[in-house]
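Residue numbers (this note's numbering), protein chains in the order written: chain A, 53 to 278; chain B, 53 to 278. Where a beta carbon is used, it is the ideal one built from N, C-alpha and C, also for glycine.
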DNA sequence: GTATAACCGGAACAAATGTTCGTGTCAAAT
DNA sequence: ATTTGACACGAACATTTGTTCCGGTTATAC
């Protein structure tokens, strides 16, 4: 599952277009930009890119595209409200976005991350380090976690079968990155499964144990509607 | 030339939509959001807004909108950094359980409620009173809210069609109580709908406007896994 | 009253846009 | 040689989405 030059071109074009016009391009515009004559081919490659976690699509809607960028942290800024007394909250580091679909580079130096999000103590299990991530993509909707949600993750090196976990894929290099998935281990091989009715997420990812690293388990969810 | 309330609504909606989905809404979506049934009226008001300089339109192209705001310099500014120390949280009263399925009696004396839950400021819209409820039942799973979740509700007397709301049923007495549902209003009658694949929740509840009272709208969700 | 302008609604329409399907190419694996 | 999977094309198709037109309503001014 490699990023073809044409797909890279597409990403670049979409980013530029979005920046310049304020909204994403259509299939035909993308095709024209990268030299694809058929919309079906554009569609095909967009599906590929979505599966790889580079963007999110909203099917059936024109320009229903959204690039996933590591610097996608919007919505976290808010005026701190000082509250008297000891707060039943904990500050957990916020590491940015994670694709429910696939990869996003793992923060190289977690210590350097300055953003934090305040979390009610009651949402966290008593023990252990925790961190927060914003979910991008719809691939975990069946697990009641959707695009824009913030998941609280407790750092731990192993999880039970079926639990929702943040897993870093070490190998192959093309797939390197972190992803939010349901975790399963059957006789020596690791399976990462999405939870979505969308057939695009149907097939599970399978790895050898040494190809992945479990970062932690989802212990909470924060969601905001407005 | 003055900005009508409806036009202000439109601007707010477009801004929110753009922020959430990454691309602008269609005429019909705008209409539905602000209660305009005809796309021609939406079109009319967009022209007005464009003439007033609040946005730019690209005619003949779907979602060809762009709000004019200094805020729209995406990605270039540094985000405000929230550091530990100050708590970006708010204490909201916790009123106990609410049935997603069948109604549960409303707390008689809200003032008597002692419990509060600390909520990240981030999850609340800055304005307005808010309270928290624990959800009981599975009837809202399709809206990604399940048994045990805590919903944050902003007190407000009316909500948009399709929004998840806490509604108190006043009459008939057999049904009296509060419930968590999707709210719809069609020509003079109120419809409360569950969101679940379970056929038991299939048929919506229908009332006259004077039979129910909207307590507020769900603005956030907290969930904890074991 | 009547006129006028701003605003609204509904429906028909046309253009834009995503989806699907049958077919074809090519390289790697069997 | 055959099969398989990733990638590509093009055309028909279905939906989404913006536009237009024509008739209302409401408030204000004359």
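- Message: Below 8 angstroms on C-beta distance, what does residue 198 of chain B contact in chain A?
- Response: Translated into positions along the second chain, residue 198 of chain B becomes position 146. Within 8 angstroms Cβ-Cβ: 196.
- Of the choices A:257, A:270, A:243 and A:104, whose alpha-carbon is the least far from that of residue 185 of chain A? Against the first chain, residue 185 of chain A aligns to sequence position 133. Between residue 185 of chain A and the set A:257, A:270, A:243 and A:104, the nearest pair of CA atoms involves A:270.
- What number of angstroms, rounded off, separates the C-alpha of residue 151 of chain A from the C-alpha of residue 214 of chain A? On the first chain, position 99 is the one that residue 151 of chain A refers to. On the first chain, position 162 is the one that residue 214 of chain A refers to. One C-alpha to the other measures close to 19 angstroms.
- Can you say whether residue 76 of chain B is buried or exposed, counting buried as having 16 or more other CB atoms within 10 angstroms of its CB? Start at 1 with the first residue of the second chain, and residue 76 of chain B comes out as number 24. Its Cβ being crowded by 16 or more others within 10 Å, residue 76 of chain B is buried.
- Task: Pull up the distance between the alpha-carbon of residue 66 of chain A and that of residue 267 of chain B, whole angstroms please.
- Result: As a position in the first chain, residue 66 of chain A is number 14, starting the count at 1. As a position in the second chain, residue 267 of chain B is number 215, starting the count at 1. When rounded, the distance between both Cα atoms is 43 angstroms.
- Item | Sequence-distant residues of the same chain with beta carbon closer than 8 angstroms to residue 207 of chain A, five excluded per side | Working through the first chain from its first residue, we reach residue 207 of chain A at position 155. Excluding residues within five positions, the ones whose Cβ falls inside 8 angstroms are 180, 181, 182, 183, 267 and 268.
- Query: If we ignore side chains and look at the alpha-carbon of each, how far apart do residue 110 of chain A and residue 257 of chain A end up?
  - Reply: Position 58 of the first chain, counted from the start, is the residue given in the question as residue 110 of chain A. Position 205 of the first chain, counted from the start, is the residue given in the question as residue 257 of chain A. Approximately 22 angstroms, taken between the alpha carbons.
- Does the Cβ of residue 96 of chain A have 16 or more other Cβ atoms within 10 Å, making it buried, or fewer, making it exposed? As a first step, residue 96 of chain A is located in the first chain; it is residue number 44 there, counting from the start. Residue environment: residue 96 of chain A is assigned as exposed (fewer than 16 neighbouring CB atoms within 10 Å of its CB, all protein chains considered).
- Message: With a threshold of 8 angstroms between beta-carbons, can residue 272 of chain A be considered close to chain B, or not?
- Response: Residue mapping note: residue 272 of chain A aligns to position 220 of the first chain, counting from 1. Closer than 8 angstroms: yes.
- Message: Would you say residue 117 of chain A lies against chain B (beta-carbon separation less than 8 angstroms)?
- Response: Numbered from 1 along the first chain, position 65 holds the residue referred to as residue 117 of chain A. Yes - at least one Cβ of chain B is within 8 angstroms of the one on residue 117 of chain A.
- Message: Could you tell me the alpha carbon to alpha carbon distance between residue 236 of chain A and residue 108 of chain B, rounded to whole angstroms?
- Response: Within the first chain, the letter at position 184 stands for residue 236 of chain A. Within the second chain, the letter at position 56 stands for residue 108 of chain B. Near 50 angstroms, if we compare the C-alpha coordinates of residue 108 of chain B and residue 236 of chain A.
- Would residue 63 of chain A pass as a contact of residue 101 of chain A if the rule is Cβ separation under 8 angstroms? Position 11 of the first chain, counting from 1, holds the residue named residue 63 of chain A. Position 49 of the first chain, counting from 1, holds the residue named residue 101 of chain A. Cβ distance < 8 angstroms, so residue 63 of chain A and residue 101 of chain A count as in contact.
- residue 136 of chain A, DSSP secondary structure in three states: The count along the first chain starts at 1 and reaches residue 136 of chain A at position 84. Below a pLDDT of 50, predicted positions are generally treated as unreliable, and residue 136 of chain A, at 34, falls in that range; no measurement from the model is reported.
- Message: Distance check for residue 262 of chain B and residue 84 of chain B, CA to CA, integer angstroms please.
- Response: Start at 1 with the first residue of the second chain, and residue 84 of chain B comes out as number 32. Start at 1 with the first residue of the second chain, and residue 262 of chain B comes out as number 210. Cα to Cα, the separation comes out at about 24 angstroms.
- Item | Neighbourhood of residue 61 of chain A by C-beta, 7 angstroms cutoff - its chain only, sequence neighbours within 5 removed | To locate residue 61 of chain A, count along the first chain from 1; it is residue 9. 86, listed in sequence order.
- Cα separation between residue 188 of chain B and residue 94 of chain B? Locating residue 188 of chain B in the second chain gives position 136, counting from the first residue. Locating residue 94 of chain B in the second chain gives position 42, counting from the first residue. Between the alpha carbons of residue 188 of chain B and residue 94 of chain B lies a gap of roughly 40 angstroms.
- Message: Which residue wins for smallest C-alpha separation from residue 91 of chain B, given the options B:73, B:249, B:69 and B:114?
- Response: Here the question's residue 91 of chain B lines up with position 39 in the second chain. Taking only the C-alpha atoms, the option nearest residue 91 of chain B is B:114.
- Item | residue 128 of chain B classed as buried or exposed, judged by whether at least 16 other C-beta atoms fall within 10 angstroms | Here residue 128 of chain B is taken as the residue at index 76 of the second chain, counted from 1. Interpretation of residue 128 of chain B is limited by its pLDDT of 26, a score under 50 that renders its predicted location unreliable; the figure taken from the coordinates is listed afterwards. Within a 10 Å sphere around the beta-carbon of residue 128 of chain B sit fewer than 16 other beta-carbons, which makes this residue exposed.
- Would a check of beta-carbon distances place residue 104 of chain A closer than 8 angstroms to chain B? Mapped onto the first chain, residue 104 of chain A falls at position 52. Judged by the 8 angstroms Cβ criterion, residue 104 of chain A is not in contact with chain B.
- Task: Check whether the Cβ atoms of residue 196 of chain B and residue 198 of chain A lie closer than 8 angstroms to each other.
- Result: Translated into the one-based positions of the second chain, residue 196 of chain B becomes position 144. Translated into the one-based positions of the first chain, residue 198 of chain A becomes position 146. Going by C-beta atoms, residue 196 of chain B is nearer than 8 angstroms to residue 198 of chain A.
- Query: The alpha helix (DSSP H) with residue 65 of chain A in it runs from where to where?
  - Reply: As a working note, residue 65 of chain A is residue 13 in the first chain. First-last of the alpha helix (DSSP H) with residue 65 of chain A: 57-73.
- Query: With DSSP run on the structure shown, which of helix, strand or coil describes residue 118 of chain A?
  - Reply: As a position in the first chain, residue 118 of chain A is number 66, starting the count at 1. Note: residue 118 of chain A maps to strand in three-state DSSP.
- Since residue 273 of chain A and residue 273 of chain B are thought to touch, with beta carbons under 8 angstroms apart, how far apart are those beta carbons, to the nearest angstrom? Along the first chain, one-based indexing puts residue 273 of chain A at 221. Along the second chain, one-based indexing puts residue 273 of chain B at 221. Indeed, because the Cβ distance is near 7 angstroms, the residues count as touching under 8 angstroms.
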